[in-house]
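Inspection log for the structure reproduced underneath, given as C-alpha coordinates.
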Amino acid sequence: MGRTDRASRMIAAPPATVYGALLDRESLEAWLPPDGMRGRVERWDPRPGGGFRMVLTYLDRTDSPGKTSDATDVVDVGFTDLLPPERVVQQAVFESDDPLYAGTMTMTWHLAAAGDGTEVTVTATDVPPGIVQADHEAGIASSLANLASYVEAVG
86 MGRTDRASRM
96 IAAPPATVYG
106 ALLDRESLEA
116 WLPPDGMRGR
126 VERWDPRPGG
136 GFRMVLTYLD
146 RTDSPGKTSD
156 ATDVVDVGFT
166 DLLPPERVVQ
176 QAVFESDDPL
186 YAGTMTMTWH
196 LAAAGDGTEV
206 TVTATDVPPG
216 IVQADHEAGI
226 ASSLANLASY
236 VEAVG
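Oh and the sequence shown: position 137 is 222 in this note's numbering, straight run, nothing missing.
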(Lines of atoms letter the chains of each structure in order from A and count residues from 1; the text may use other names and numbers.)
(Lines give C-alpha, C1' and ligand atoms only; values in the text may rest on other atoms or scores of the structure.)
Protein backbone atom coordinates (compact mmCIF):
# COMPACT_ATOMS: atom_id res chain seq x y z
CA MET A 1 0.00 0.00 0.00
CA GLY A 2 1.64 3.20 -1.16
CA ARG A 3 1.26 6.84 -0.34
CA THR A 4 -1.49 9.10 -1.69
CA ASP A 5 -0.79 12.68 -2.81
CA ARG A 6 -3.52 15.13 -3.77
CA ALA A 7 -4.04 18.64 -5.14
CA SER A 8 -7.02 20.54 -6.52
CA ARG A 9 -7.84 23.79 -8.24
CA MET A 10 -10.85 25.71 -9.46
CA ILE A 11 -10.55 26.42 -13.19
CA ALA A 12 -12.68 29.03 -14.99
CA ALA A 13 -13.67 26.78 -17.88
CA PRO A 14 -16.40 24.17 -18.36
CA PRO A 15 -15.60 20.49 -17.66
CA ALA A 16 -15.71 19.59 -21.37
CA THR A 17 -12.98 22.14 -22.14
CA VAL A 18 -10.79 20.94 -19.28
CA TYR A 19 -11.36 17.29 -20.23
CA GLY A 20 -10.37 18.09 -23.82
CA ALA A 21 -7.05 19.53 -22.63
CA LEU A 22 -6.35 16.30 -20.73
CA LEU A 23 -6.70 14.26 -23.93
CA ASP A 24 -5.05 16.48 -26.54
CA ARG A 25 -1.38 15.85 -27.26
CA GLU A 26 -0.33 19.45 -27.95
CA SER A 27 -2.31 20.75 -24.98
CA LEU A 28 -0.74 18.19 -22.65
CA GLU A 29 2.77 19.13 -23.79
CA ALA A 30 1.97 22.79 -23.10
CA TRP A 31 0.48 22.53 -19.60
CA LEU A 32 1.48 19.25 -17.91
CA PRO A 33 5.18 19.95 -17.26
CA PRO A 34 5.45 21.70 -13.88
CA ASP A 35 7.44 24.91 -13.47
CA GLY A 36 11.09 24.34 -14.26
CA MET A 37 10.43 21.59 -16.81
CA ARG A 38 9.57 21.18 -20.46
CA GLY A 39 7.74 18.16 -21.87
CA ARG A 40 7.66 16.22 -25.11
CA VAL A 41 5.20 13.45 -25.93
CA GLU A 42 6.86 10.61 -27.85
CA ARG A 43 3.88 8.28 -28.22
CA TRP A 44 0.17 9.16 -28.15
CA ASP A 45 -2.91 6.90 -28.09
CA PRO A 46 -5.77 8.65 -26.19
CA ARG A 47 -8.16 5.76 -25.51
CA PRO A 48 -8.77 3.26 -22.71
CA GLY A 49 -5.92 0.77 -23.01
CA GLY A 50 -3.84 3.38 -24.87
CA GLY A 51 -1.59 5.99 -23.37
CA PHE A 52 1.46 8.12 -23.93
CA ARG A 53 5.14 8.39 -23.22
CA MET A 54 6.42 11.76 -22.05
CA VAL A 55 9.96 13.00 -21.63
CA LEU A 56 10.18 15.76 -19.03
CA THR A 57 13.39 17.77 -19.13
CA TYR A 58 14.62 19.92 -16.25
CA LEU A 59 15.45 23.45 -17.38
CA ASP A 60 17.98 23.79 -14.53
CA ARG A 61 19.63 20.53 -13.49
CA THR A 62 21.40 22.01 -10.46
CA ASP A 63 18.92 21.01 -7.75
CA SER A 64 16.76 18.61 -9.75
CA PRO A 65 18.34 15.23 -10.41
CA GLY A 66 16.11 13.38 -12.85
CA LYS A 67 14.65 9.94 -12.31
CA THR A 68 15.77 8.66 -15.73
CA SER A 69 18.94 10.68 -16.33
CA ASP A 70 20.56 13.75 -14.80
CA ALA A 71 18.23 16.01 -16.75
CA THR A 72 15.11 13.96 -17.50
CA ASP A 73 12.15 12.07 -16.14
CA VAL A 74 10.66 9.65 -18.67
CA VAL A 75 7.22 8.30 -17.85
CA ASP A 76 5.01 5.78 -19.61
CA VAL A 77 1.34 6.53 -18.94
CA GLY A 78 -1.58 4.24 -19.68
CA PHE A 79 -5.20 5.37 -19.81
CA THR A 80 -7.22 2.96 -17.69
CA ASP A 81 -10.52 4.87 -17.50
CA LEU A 82 -11.91 7.75 -19.53
CA LEU A 83 -15.32 9.13 -18.55
CA PRO A 84 -15.99 12.37 -20.44
CA PRO A 85 -16.14 15.03 -19.07
CA GLU A 86 -15.75 13.78 -15.50
CA ARG A 87 -12.71 11.57 -15.04
CA VAL A 88 -9.39 10.47 -16.51
CA VAL A 89 -7.50 7.66 -14.79
CA GLN A 90 -3.88 7.04 -15.71
CA GLN A 91 -1.27 4.55 -14.62
CA ALA A 92 2.23 6.01 -14.67
CA VAL A 93 5.53 4.13 -14.61
CA PHE A 94 8.80 6.06 -14.42
CA GLU A 95 11.77 4.80 -16.43
CA SER A 96 14.47 4.54 -13.77
CA ASP A 97 17.16 2.20 -12.53
CA ASP A 98 16.55 3.43 -8.97
CA PRO A 99 14.17 1.08 -7.08
CA LEU A 100 12.84 4.09 -5.13
CA TYR A 101 10.99 5.14 -8.32
CA ALA A 102 9.74 1.66 -9.22
CA GLY A 103 6.10 0.67 -9.38
CA THR A 104 2.91 1.91 -10.94
CA MET A 105 1.39 5.14 -9.70
CA THR A 106 -2.28 5.78 -10.44
CA MET A 107 -3.27 9.36 -11.25
CA THR A 108 -7.00 10.16 -11.13
CA TRP A 109 -8.13 13.48 -12.59
CA HIS A 110 -11.65 14.22 -11.35
CA LEU A 111 -13.56 17.11 -12.92
CA ALA A 112 -16.68 18.52 -11.25
CA ALA A 113 -18.80 21.38 -12.57
CA ALA A 114 -18.83 24.21 -10.04
CA GLY A 115 -20.62 27.43 -10.94
CA ASP A 116 -19.08 28.76 -14.15
CA GLY A 117 -16.03 26.57 -13.87
CA THR A 118 -14.60 23.20 -12.98
CA GLU A 119 -13.11 21.92 -9.75
CA VAL A 120 -10.22 19.67 -10.79
CA THR A 121 -8.88 17.26 -8.19
CA VAL A 122 -5.84 15.11 -8.88
CA THR A 123 -5.26 12.10 -6.65
CA ALA A 124 -2.04 10.11 -7.01
CA THR A 125 -2.02 6.69 -5.31
CA ASP A 126 0.83 4.25 -4.82
CA VAL A 127 3.34 7.09 -5.23
CA PRO A 128 6.89 5.68 -5.39
CA PRO A 129 8.81 6.41 -2.16
CA GLY A 130 11.60 8.25 -4.03
CA ILE A 131 9.17 11.05 -4.90
CA VAL A 132 9.08 13.55 -2.02
CA GLN A 133 5.44 14.23 -1.08
CA ALA A 134 5.77 18.02 -0.73
CA ASP A 135 7.61 18.25 -4.08
CA HIS A 136 5.05 16.02 -5.78
CA GLU A 137 2.07 17.97 -4.48
CA ALA A 138 3.78 21.23 -5.51
CA GLY A 139 4.39 19.75 -8.97
CA ILE A 140 0.75 18.71 -9.33
CA ALA A 141 -0.36 22.17 -8.17
CA SER A 142 1.99 23.73 -10.73
CA SER A 143 0.55 21.55 -13.51
CA LEU A 144 -2.97 22.50 -12.42
CA ALA A 145 -2.03 26.21 -12.52
CA ASN A 146 -0.62 25.68 -16.02
CA LEU A 147 -3.81 23.84 -17.05
CA ALA A 148 -5.92 26.72 -15.73
CA SER A 149 -3.87 29.31 -17.62
CA TYR A 150 -4.00 27.19 -20.77
CA VAL A 151 -7.76 26.51 -20.89
CA GLU A 152 -8.76 29.93 -19.59
CA ALA A 153 -6.71 31.58 -22.38
CA VAL A 154 -8.27 29.30 -25.03
CA GLY A 155 -11.67 29.64 -23.45
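All C-beta atoms in this analysis are idealised placements derived from N, C-alpha and C, irrespective of residue type, glycine included.
Keep in mind that this is a model prediction, so the values were computed, not measured.
**OP:** Report the rounded CA-to-CA distance for Arg-128 versus Asp-201, giving the unit in angstroms.
**Re:** 34 Å
**OP:** Take every Cβ of the segment 113-128, pair it with every Cβ of the segment 223-230, and state whether three or more of those distances are shorter than 8 Å.
**Re:** yes
**OP:** Please report how far the alpha carbon of Leu-113 lies from the alpha carbon of Leu-107, in whole angstroms.
**Re:** Answer to the nearest angstrom: the Cα atoms are 6 Å apart.
Subject >> Neighbourhood of Val-178 by C-beta distance below 6 Å, restricted to the same chain and skipping five residues each side >> reply: So the list reads Asp-161, Thr-189, once near-sequence residues are dropped.
Original post:
Which first and last residues belong to the beta strand (DSSP E) in which Ser-93 is found?
Top reply: Where Ser-93 is concerned, the enclosing beta strand (DSSP E) stretches over 88-96.
**OP:** Mark Gln-218 as exposed unless 16 or more other C-beta atoms lie within 10 angstroms of its C-beta, in which case mark it buried.
**Re:** Flag for Gln-218 reads exposed.
Original post:
So, is Leu-168 buried or exposed, given that buried needs 16 or more other C-beta atoms within 10 angstroms?
Top reply: exposed
**OP:** State yes or no: is the C-beta of Pro-100 within less than 7 Å of the C-beta of Leu-185?
**Re:** Contact: no.
Subject >> Bridge-paired residues (DSSP) for Glu-204 >> reply: In DSSP, Glu-204 forms a bridge with Met-95, Ala-197.
Subject >> Test item: CB-CB of Ala-92 and Glu-171 under 7 Å >> reply: no
**OP:** To the nearest angstrom, report how far apart Pro-131 and Gln-176 are at their CA atoms.
**Re:** When rounded, the distance between both Cα atoms is 13 Å.
Original post:
Applying the criterion that 16 or more other CB atoms from any shown protein chain within 10 Å of the CB defines a buried residue, is Gly-136 buried or exposed?
Top reply: buried
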